[in-house]
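In our numbering, the protein residues as written are 25 to 400. Read the structure below first, then the notes.
Printed below as a string of structure tokens:
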């Protein structure tokens, strides 16, 4: 049966909008094996399902795609008009991935994120998460992780880098503010102690959003048992075939620092295992990059927040125009400039004929096993 956490209301401005010195970290005891055993997937899964349509609606309204990477560094933007201060994003990766519209969220919407995260936590008191199908479990953990990140970053915004956010003196990624079946978990615990430990496919890396430009994209739809495999493939291809995932320095291959974090689980023979993984999703330019380089240095990083405004409120605004006509909606100049860069990039994508991708998944063929769509 489906289980549906409570809805949260989105402000009208979000409906279809924008389509064009920290404190010392407090010590935390490591999770014990007895606690972690709670989350071991059952070998006899049931057919229960969780309905994430509410989160799906939210993602479609607050997440903006910057489109596929052109493998070109974005140039440094000009300072905002009338000031020498640089507002907005200056990252060379700013035209890759997705952005969250944090600056448009009011207090009620932000509070609803907390409610929704608590509803997802409580769902584990209603259904036996470990007895769901593996795809249902995976979708649950990815959604819970990403809801929690969106919630905490929204609460802290404006902030330049999510890694600067502290919860009771503990960095956001390490803070155990998520409670499932009475056990307190951090975002990192969910990734490493639960998902990385029990899922063999490294594609799961790309489901987890970090709130940073340098990380995997936040998808514009919620994960569920039916789409989790497809969304992970999409996330893997988007990240691997971008500058924030792979690039070269001379004849050396440089890769995201996130692969170092995942290495103990998926890439024990780091260079060989990682290159085999990258090759699986590489497009033609990335395949050529892999062929002409050696090594695999995990040094690419960009910790700036993955929002539209750069984590700081700008005092100067621009009117938005549509078809040459001014409309009654004003946004910061730096955001207007970023969206203009985005539009120029999309025009180049169209010029190159890269207008979209087609992914085939869950197509039943004679002789296919019943669990063929399951993420291992």
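Glycine is no exception: its CB is placed at the ideal position from the N, C-alpha and C atoms.
Let me make sure I understand the geometry here. Which of the options has the alpha-carbon closest to that of residue i?
i: residue 254; options: 302, 227, 304 and 136; result: 227
i: residue 73; options: 57, 118 and 159; result: 159
i: residue 397; options: 300, 210, 251 and 319; result: 251
i: residue 191; options: 206, 211 and 207; result: 211
i: residue 70; options: 97, 134, 161 and 115; result: 161
i: residue 307; options: 94, 79 and 52; result: 94
i: residue 321; options: 336, 298 and 337; result: 298
i: residue 173; options: 149, 126, 146 and 147; result: 126
i: residue 5; options: 60, 369, 113 and 119; result: Because the chain is modelled from 25 through 400, residue 5 falls outside the range shown and cannot be assessed.
i: residue 372; options: 323, 273, 148 and 96; result: 96
i: residue 167; options: 144, 179, 89 and 176; result: 144
i: residue 133; options: 82, 195 and 53; result: 82
i: residue 55; options: 218, 136 and 91; result: 218
i: residue 196; options: 305, 377, 92 and 213; result: 213
i: residue 233; options: 333, 278, 176 and 205; result: 176
i: residue 198; options: 363, 364 and 52; result: 52
i: residue 136; options: 121, 84, 303 and 78; result: 78
i: residue 220; options: 291, 314, 146 and 374; result: 291
i: residue 270; options: 324, 354 and 243; result: 324
i: residue 129; options: 179, 282 and 84; result: 179
Assuming residue i is part of the beta strand (DSSP E), what are its boundary residues?
i: residue 143; result: Element bounds for residue 143: not the beta strand (DSSP E) but the alpha helix (DSSP H), 131-150.
i: residue 77; result: Counting along the chain, residue 77 falls outside any beta strand (DSSP E), though it belongs to the alpha helix (DSSP H) covering 77-86.
i: residue 171; result: Careful: residue 171 lies outside any beta strand (DSSP E), inside the alpha helix (DSSP H) at 158-180.
i: residue 225; result: Counting along the chain, residue 225 falls outside any beta strand (DSSP E), and DSSP gives it neither H nor E.
i: residue 252; result: No beta strand (DSSP E) contains residue 252, which is instead part of the alpha helix (DSSP H) from 252-264.
i: residue 276; result: 276-280
Is it the case that the Cβ atoms of residue i and residue j are separated by a distance below 7 Å?
i: residue 263; j: residue 230; result: yes
i: residue 237; j: residue 117; result: yes
i: residue 163; j: residue 249; result: yes
i: residue 101; j: residue 361; result: yes
i: residue 152; j: residue 399; result: no
i: residue 310; j: residue 265; result: yes
i: residue 171; j: residue 124; result: no
i: residue 319; j: residue 366; result: no
i: residue 330; j: residue 193; result: no
i: residue 328; j: residue 89; result: no
i: residue 358; j: residue 338; result: yes
i: residue 59; j: residue 207; result: yes
i: residue 80; j: residue 300; result: no
i: residue 370; j: residue 91; result: yes
i: residue 216; j: residue 148; result: no
The alpha helix (DSSP H) with residue i in it runs from where to where?
i: residue 366; result: 357-375
i: residue 121; result: Per DSSP, residue 121 belongs to no alpha helix (DSSP H) and is neither H nor E.
i: residue 322; result: Run containing residue 322: none in the alpha helix (DSSP H); it sits in the beta strand (DSSP E), 318-324.
i: residue 62; result: Neither: residue 62 is in no alpha helix (DSSP H) and is coded neither H nor E.
i: residue 295; result: 294-305
Does the beta carbon of residue i come closer than 7 Å to any beta carbon on chain D?
i: residue 285; result: Looking for chain D here will not work: only one protein chain is present.
When DSSP builds the beta bridges, which residues end up paired with residue i?
i: residue 203; result: 208
i: residue 195; result: 190
i: residue 236; result: 329
i: residue 270; result: 279
i: residue 89; result: 122
i: residue 244; result: DSSP output for residue 244 lists no bridge partner at all.
How about the region 182-193 and the region 243-260: do they share at least three Cβ pairs that are nearer than 8 Å? no
Decide yes or no for the touch test of the region 55-68 against the region 136-154: beta carbon pairs closer than 8 Å, at least 3 of them. yes
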